[in-house]
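Accompanying notes for the structure given below.
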Amino acid sequence: MDEEKYLLVAASVLPDVFLRVLRAKELLASGEAKNVSRATKMVDVSRSAFYKYKDSVFRADTGRDVFTLTAALLDETGALQNLLAAISGAGAGVVTINQNMPENGAAVVAVTVRTQGMEMDIDTLCEELKKQRTVVDIKRSK
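In this text, residue positions in the sequence shown follow the numbering used here: the first is 209, and each later residue adds one.
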């Protein structure tokens, strides 16, 4: 079986149908469209074209603006809420949260963050988060 090949192509040179399929996928993912029929009507593309191309059209920049913070937080009410509020306050978006059970008075939490729209750089955000009383330690990974 031949291995699948991928190309990175500027959106401006693609036929409009690909961009419409991509927009329909975004509408479904965001919940703006509750089903495929509604999404395809909103972007004026046929359902058959949507199904034909939906698994082949992706944004090239997805994932480039994402990193993970791993923080050890004191086992206190509001510790995670304060961390998330600070991340949001910096203009970043929280993608996922994974928290371990507290052990010896602290819990490790991994927060995947989308940097698009951030008002500061990642290192500055980490330094600001370290200043929180309930943050024992914080590390960043890509």
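All C-beta atoms in this analysis are idealised placements derived from N, C-alpha and C, irrespective of residue type, glycine included.
Next item on the list: With a 10 Å radius around its C-beta and 16 neighbouring C-beta atoms as the bar for buried, classify L333 as buried or exposed.
Entry: Taking a 10 Å sphere around the C-beta of L333, we find 16 or more other C-beta atoms and assign the residue as buried.
Notebook entry, point to check: So what does I346 bridge to, in DSSP terms?
Noted result: DSSP lists A279 as partners of I346.
Margin query: For the beta strand (DSSP E) containing N306, name the first residue and the last one.
Written below: 301-307
Check: Of all the options G286, T342, I346, which has the alpha carbon lying nearest to the alpha carbon of E335?
Finding: I346
Note to self: Could you check whether the region 290-297 touches the region 316-325, counting it as contact only if at least three pairs of C-beta atoms, one from each stretch, sit closer than 8 Å?
What the structure shows: Enough Cβ pairs lie closer than 8 Å, so yes.
Check: In angstroms, rounded to a whole number, what distance separates the CA positions of V253 and Q324?
Finding: 29 Å
Item checked: Limits of the unbroken beta strand (DSSP E) element including T320 -> 314-322
Next item on the list: Select from V344, R348, S264 the residue whose C-alpha is nearest the C-alpha of D329.
Entry: R348
Next item on the list: Using three-state DSSP, classify V251 as helix, strand or coil.
Entry: If DSSP states are grouped into helix, strand and coil, V251 belongs with the helices.
Margin query: Short of 7 Å in beta carbon distance, which residues of its chain neighbour V303, apart from the five on each side in sequence? Order them along the chain.
Written below: V274, T320, V321, R322
Notebook entry, point to check: Helix, strand or coil: which one does DSSP assign to V265?
Noted result: coil
Next item on the list: Please state whether DSSP places V217 in a helix, a strand or coil.
Entry: Correct three-state label for V217: coil.
Margin query: Taking the alpha carbon of A232 as the reference point, which residue from L281, K213, K260 has its own alpha carbon closest?
Written below: From the listed residues L281, K213, K260, the smallest Cα separation to A232 is found for K260.
Notebook entry, point to check: Just reading off the alpha helix (DSSP H) that R231 is part of, what are its end residues?
Noted result: 224-238
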